[in-house]
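Student: Quick note, the sequences are listed as chains A and B, same order.
My numbering applies: residue 9 is where the first sequence begins, and numbers increase by one.
My numbering applies: residue 29 is where the second sequence begins, and numbers increase by one.
This is the structure I have questions about; it appears just below.
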Amino acid sequence: VKSLRARLLLGTTLTMILVLGLLGLAVDAAAHRTLERQFDNTLLSAAHAIASAVEQHGSEIHFEFDPRDFPEFDARPHASYFELWVDGKRTAVSPSLNVRSLSHGMLTIGKAGFQNILLPDNKNGRLAVFPFQPRLEDEDETKYPPKLTAIMVAKETEGLDETLKTLRWMVGGLCAVAIVVCEAALVIVVNRAMRPVNAAARKIESLHETRLASGIEVDGLPQELQPIVEKLNGLLLRLDQAFGRERAFTADVAHELRTPIAALRTTLEVCRSKPRDPAIYAATIDRSLKVIDSMQAVVENLLLLARAESGQLPMTMAHVDFVDLVREAWLPFESRAREKNLVFNWNFPEHFIVSCDAGKIRIVLTNLFDNAVSYTNAEGEIIVRLVERGDTAVEFEIANPGSQITVDEIPRLFERFWRKDQARSQTGLHAGLGLSLCQRLLLLSNSAITAKVQNNWLSMSFVLPRPNSHKT
Amino acid sequence: MRVLVVEDFSPLREAVVQGLEESGYAVDSTGNGEDGLRYARASEYDVVILDLMLPKLDGLSVLKALRAAQSPSHVLVLTARDTPADRVKGLDLGADDYLVKPFEFSELLARVRALIRRKYDARGTTIRVADLHLDLSLRQVRRGDRLIELSAREYSLLEYLALNANRVVTRTEIWQHVYDFNATIESNVVDVYVGLLRKKLDRSNAHRLIHTRRGQGYVLRDGEEGTE
């Protein structure tokens, strides 16, 4: 059963039925016992009374029974019965018995006991056996040992059965009524108790995606629900922040593309405003293409980043010479570095075989070189190192001065669209996507990028694993 | 009329400058906020087209500094930020107009013209001095029924004189509003252009409109008083 309410109702109902049923049975059993004992006592006192009429005279037994003293033993409907047994022989019976006898089933005459029997008139009855010593007329007991005498008294139990039946119906009925009343009360109580849950559910339902952070009011909620709602609020807050980041990201993307679109549009509109020389048209087309290049770079980086983040970027791991990879990635920056008179300080061996996706690591290296060449002041120095990290890994490190990044800004370096200088001084080329892309690609390569700042030097490093067989 | 363009994305800046120049404006431009503020303090621009996200000094700071210095220039903020909050912030800091990228260049021109009209308290889009009609939107000049063909620079000069009609404007003022930093400084360049303009306006018309005030400057007005 999935419903909490149904589970609660079912559980309590079953328990109630069990408890009330057992209680009813116990009450019934106790009442039965008490009434039966009372009935038995009546039988015994009747037996006592009859026994008092038995006397032993020497070896003779005298039974002075006057039916007028015991009208219930007369021959009439609903009569009681008795038999007097002396030394294993029936010596006298009640007038009601006439020639019939009482069946005494399992009971022995010598032992006291009670038993339900079928009476001679075919009615249900109860029989009591009462062994006793008859009163002795003579004082000389030793001379004549007392006779073994017993009285058997039987009486119909119709009244008792009737009472017990009524009682059983009453107890059963009361239990049933109690169960129905409790059940109704339970339904009301459970519904009332579930009201805050329903209210919370309605609140959750009415939460708008733009106002997730406002969460659900904890005050007024039952204690049991509070931790759940608090956790839910925490989750909502995190979701809201994530949505906020997504919204900011979308705005950033739009923002990033608006300026180049404006440039393209203005360039083309101004060019078209009057007839011009073919050379001017060609120059305008070239300028437009450059703008398109920068827009394309933003879009491609975004796409790459989105694919990397959603895990749609297949990684093809291979054994690659890291040194070759670094040299190859550097080539496109050589001329820019020369123009700025940058000193490029290499520090690595001939070969370093690593296991990685060369294409992805090339993108990482290109971004890192691009940043270093762009942000290092003219005649500055760029240091690139490849260092063994134990037997199993190689660390790549690039360090350059001039980035102006502070220690506090290090975590922000990897945020999408974050730039030290908020202006798009190089829209497209440095849209603030490069380092987030590096971080993502290295994450996919089971590596991580680390940034450090010291004395205005920014250093970026990451580690790639060497294949197990590199020593052989 | 003289315009300053402060925009960091060079392809956009260059296109806007070219478009404005071809429309007859004297245009200076720079790619960072610091230079923008320096330029705007050095000369009285009629309109400053200001991007908000600028290196060195952001656009809003430039705007604040200009307003603090009570610069008479009208500022058109040009930005990729388009939320109402951004617009309100820009306008509250003293921007006169707000244009969101990307825009149609004709709209930028229309807004620049509107800002210039506002600056010179010209409510309508036409100025009339005697039988001279200046259509500021179409940049057309008529004298009576005759359409007068003017070069961009000549039109600028006439527009400046017309916007300041009946007021004497000095050669320096003309210089400041009609020429940009790149113009070669020749002492008589203003006089030469005024001469050219006069020829075109007054051709076959005895009634002269541009009058010279010796030692002061020029005035565009109806009437013969003080003419040379």
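No residue lacks a Cβ here, since even glycine has one placed at the ideal position from N, Cα and C.
If you measure beta-carbon to beta-carbon, which residues of the segment 256-269 of chain A are closer than 9 Å to chain B?
Tutor: Answer set for the segment 256-269 of chain A: A259, A262, H263, E264, L265, R266, T267, P268 and I269.
Student: Hey, is A108 of chain B's beta-carbon within less than 8 Å of any beta-carbon in chain A?
Tutor: Along the second sequence, read from residue 1 onward, the residue named residue 108 of chain B stands at position 80. So yes, A108 of chain B belongs to the interface.
Student: Pick out the complete beta strand (DSSP E) segments inside the segment 119-153 of chain A, 3 residues or longer, and give them in chain order.
Tutor: For the segment 119-153 of chain A, whole beta strand (DSSP E) runs of length 3 or above, ordered along the chain, are 121-126 and 132-140.
Student: Along the segment 46-69 of chain B, where does the CB come closer than 7 Å to a CB of chain A? Name the residues.
Tutor: For the segment 46-69 of chain B, which is checked against every Cβ of chain A, the residues closer than 7 Å are Q46, G47 and E50.
Student: Identify, in the order they occur along the chain, each residue of the same chain with its Cβ nearer than 8 Å to the Cβ of D74 of chain B, setting aside the five sequence neighbours on each side.
Tutor: Counted from its first residue, the second sequence places residue 74 of chain B at position 46. The answer, listed in chain order, is M29, R30, V31, S101, H102, L143, I144, K147 and H205.
Student: Less than 6 Å between C-beta atoms, sequence neighbours within five positions excluded: which residues of the same chain meet that for F133 of chain B?
Tutor: Residue numbering aside, residue 133 of chain B sits at position 105 when the second sequence is read from its first letter. Excluding sequence neighbours, F133 of chain B sits near G47.
Student: Rounding to the nearest angstrom, what Cα-Cα distance links H86 of chain A and N130 of chain A in this structure?
Tutor: Here residue 86 of chain A refers to the residue found at position 78 when the first sequence is read from its first residue. Here residue 130 of chain A refers to the residue found at position 122 when the first sequence is read from its first residue. Roughly 11 Å separates the two Cα atoms.
Student: So, does the CB of L40 of chain B fall closer than 8 Å to a CB anywhere in chain A?
Tutor: Within the second sequence, residue 40 of chain B is the residue found at index 12, counting from 1. Yes, its Cβ sits closer than 8 Å to a Cβ of chain A.
Student: Under a three-way DSSP split, which group does Q244 of chain B fall into?
Tutor: For this step, residue 244 of chain B is matched to residue 216 along the second sequence. Coil at Q244 of chain B, not helix or strand.
Student: Would a check of beta-carbon distances place E132 of chain B closer than 8 Å to chain A?
Tutor: Mapped onto the second sequence, residue 132 of chain B falls at position 104. So, interface residue.
Student: For a minimum of 3 consecutive residues, which ranges assigned as the beta strand (DSSP E) are wholly contained in the segment 60-98 of chain A?
Tutor: Segments of the beta strand (DSSP E) lying fully in the segment 60-98 of chain A: 62-65, 68-71 and 89-94.
Student: Can you check DSSP and say which residues form a bridge with P409 of chain A?
Tutor: Taking the first residue of the first sequence as position 1, residue 409 of chain A is located at position 401. Bridge partners of P409 of chain A: A:W465.
Student: G436 of chain A to V128 of chain B, Cα distance in whole Å?
Tutor: Indexing the first sequence from 1 puts residue 436 of chain A at position 428. Indexing the second sequence from 1 puts residue 128 of chain B at position 100. Confidence at G436 of chain A is low in this model, with a pLDDT of 43, below 50, so its placement is unreliable and the value that follows should be read with caution. In a straight line, the C-alpha of G436 of chain A is about 19 Å away from that of V128 of chain B.
Student: With distances taken Cα to Cα, identify the nearest neighbour of V198 of chain A among A:R15, A:N379 and A:L244.
Tutor: Here residue 198 of chain A refers to the residue found at position 190 of the first sequence. Nearest option by C-alpha distance: A:R15.
Student: Is it true that the CB of A120 of chain A sits closer than 8 Å to the CB of A139 of chain A?
Tutor: Counting from one through the first sequence, the residue named residue 139 of chain A turns up at place 131. Counting from one through the first sequence, the residue named residue 120 of chain A turns up at place 112. For the sequence presented, residue 139 of chain A should be read as Pro rather than Ala. Their beta carbons are under 8 Å apart, which means P139 of chain A touches A120 of chain A by this criterion.
Student: Alpha carbon to alpha carbon, how far is S179 of chain B from E317 of chain A?
Tutor: What you label residue 179 of chain B is simply residue 151 of the second sequence in a count that begins at 1. What you label residue 317 of chain A is simply residue 309 of the first sequence in a count that begins at 1. Computed Cα separation, rounded: 58 Å.
Student: Within the segment 126-177 of chain B, note down every full alpha helix (DSSP H) run reaching 4 residues or more, in order along the chain.
Tutor: Qualifying alpha helix (DSSP H) stretches, in chain order: 133-147.
Student: 8 Å is my cut-off, CB to CB: does V34 of chain B come that close to chain A?
Tutor: Here residue 34 of chain B refers to the residue found at position 6 when the second sequence is read from its first residue. So, not an interface residue.
Student: Would you identify the three-state DSSP class for L80 of chain B, choosing helix, strand or coil?
Tutor: As a working mapping, residue 80 of chain B is identified with position 52 in the second sequence. Looking at L80 of chain B - three-state DSSP - the assignment turns out to be coil, as it is neither helix nor strand.
Student: Does the distance from the C-beta atom of L80 of chain B to that of G118 of chain B stay below 8 Å?
Tutor: Indexing the second sequence from 1 puts residue 80 of chain B at position 52. Indexing the second sequence from 1 puts residue 118 of chain B at position 90. Yes, the Cβ-Cβ distance between L80 of chain B and G118 of chain B is below 8 Å.
Student: Counting only Cβ pairs nearer than 7 Å, list the residues of chain A close to A43 of chain B.
Tutor: Here residue 43 of chain B corresponds to residue number 15 of the second sequence, with the count starting at 1. By Cβ distance, chain A contributes A271, T274, T275 and V278.
Student: Measure the alpha-carbon distance for L22 of chain A versus V35 of chain A and round it to whole angstroms.
Tutor: As a working note, residue 22 of chain A is residue 14 in the first sequence. As a working note, residue 35 of chain A is residue 27 in the first sequence. The alpha-carbon atoms of L22 of chain A and V35 of chain A are separated by roughly 20 Å.
Student: What residues in its chain sit with their C-beta under 8 Å from that of D110 of chain B, if we drop five residues either side in the sequence?
Tutor: Stepping through the second sequence from its first residue, residue 110 of chain B is reached at position 82. These residues qualify, in order along the chain: V128.
Student: Please report the straight-line C-alpha distance between S433 of chain A and Q320 of chain A, rounded to a whole angstrom.
Tutor: Locating residue 433 of chain A in the first sequence gives position 425, where the first residue counts as 1. Locating residue 320 of chain A in the first sequence gives position 312, where the first residue counts as 1. No answer about S433 of chain A holds up, because its pLDDT of 44 lies below 50 and its placement is not dependable.
Student: May I ask you to verify whether the segment 449-461 of chain A touches the segment 360-377 of chain A, counting CB pairs closer than 8 Å and requiring at least 3?
Tutor: Yes, they touch.
Student: Are any of the Cβ atoms in chain A nearer than 8 Å to that of K129 of chain B?
Tutor: Start at 1 with the first residue of the second sequence, and residue 129 of chain B comes out as number 101. Closer than 8 Å to some Cβ of chain A, the Cβ of K129 of chain B qualifies, so yes.
Student: Identify, in the order they occur along the chain, each residue of the same chain with its Cβ nearer than 6 Å to the Cβ of I155 of chain B, setting aside the five sequence neighbours on each side.
Tutor: Indexing the second sequence from 1 puts residue 155 of chain B at position 127. Answer for I155 of chain B: L162 and A190, listed in chain order.
Student: Specify the secondary structure class of L189 of chain B as computed by DSSP and reduced to three states.
Tutor: Here residue 189 of chain B refers to the residue found at position 161 when the second sequence is read from its first residue. Three-state DSSP puts L189 of chain B in a helix.
Student: Going along chain B, which residues have a C-beta under 7 Å from V299 of chain A?
Tutor: Within the first sequence, residue 299 of chain A is the residue found at index 291, counting from 1. Simply P39.
Student: Is the segment 155-170 of chain A close to the segment 58-71 of chain A, with three or more CB pairs under 8 Å?
Tutor: Cβ pair count under 8 Å is three or more, so yes.
Student: At what residue ranges does the segment 332-417 of chain A contain a whole run of the alpha helix (DSSP H), taking only runs of 4 or more?
Tutor: The segment 332-417 of chain A contains these whole alpha helix (DSSP H) runs: 342-347 and 366-383.
Student: Does the contact criterion of 3 or more C-beta pairs under 8 Å hold for the segment 213-230 of chain A versus the segment 240-259 of chain A?
Tutor: Segments in contact, yes.
Student: Need the endpoints of the beta strand (DSSP E) that S57 of chain B sits in, please.
Tutor: The residue given as residue 57 of chain B occupies position 29 in the second sequence. It spans A54 to T58 - the beta strand (DSSP E) in which S57 of chain B sits, taken as one unbroken run.
Student: Please report how far the alpha carbon of E91 of chain A lies from the alpha carbon of T174 of chain A, in whole angstroms.
Tutor: The residue labelled residue 91 of chain A in the question sits at position 83 within the first sequence. The residue labelled residue 174 of chain A in the question sits at position 166 within the first sequence. So the alpha carbons of these two residues sit roughly 32 Å apart.
Student: Is R295 of chain A close to chain B? Criterion is C-beta to C-beta, closer than 8 Å.
Tutor: Looking up residue 295 of chain A in the first sequence gives position 287. Judged by the 8 Å Cβ criterion, R295 of chain A is in contact with chain B.
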